[in-house]
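> Per this note's numbering, the sequence shown runs over residues -15 to 49. Using N, Cα and C, we set each Cβ at its ideal position, and we do this for glycine too. Model, not experiment: these values are computed from the prediction. Once you've had a glance at the structure underneath, I'll fire off some questions.
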Amino acid sequence: MKLIMKTEFDNLRLNNAHSYDSNTNTDKQVVRIYCGEQLIAKMIKQKKSIRYFGADNYQHFLTDQ
């Protein structure tokens, strides 16, 4: 996985063909986006830091807006 931009993550998250789940611990939140069974992106929010990661082929799942 590599770092991606927030707009790319939002594009993947808002696509109706993709599903996502969220896990929250005390100070860490993880949101994962799936296309079928394949993990394509995730967001890790820890305290005030937010990082967005995409799988190596995440560009194939982006939609044109």
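Going by the CB atoms, is the gap between residue 26 and residue 17 shorter than 8 Å?
Position 33 of the sequence shown holds residue 17. Position 42 of the sequence shown holds residue 26. Yes, the pair counts as a contact, with Cβ atoms nearer than the cut-off.
> So for residue -5, helix, strand or coil by DSSP?
For the purposes of this step, residue -5 is taken as the residue at position 11 of the sequence shown. Here residue -5 carries a helix assignment [DSSP, helix/strand/coil].
> With DSSP collapsed to three states, give me the class of residue 31.
Within the sequence shown, numbered from 1, the residue matching residue 31 stands at position 47. Reduced to three states, the DSSP call for residue 31 is coil.
> List the endpoints of the continuous beta strand (DSSP E) containing residue 48.
Here residue 48 refers to the residue found at position 64 when the sequence shown is read from its first residue. Neither: residue 48 is in no beta strand (DSSP E) and is coded neither H nor E.
> What span of residues does the beta strand (DSSP E) with residue 7 cover, start to end?
Locating residue 7 in the sequence shown gives position 23, counting from the first residue. 3 to 8 is the extent of the beta strand (DSSP E) around residue 7.
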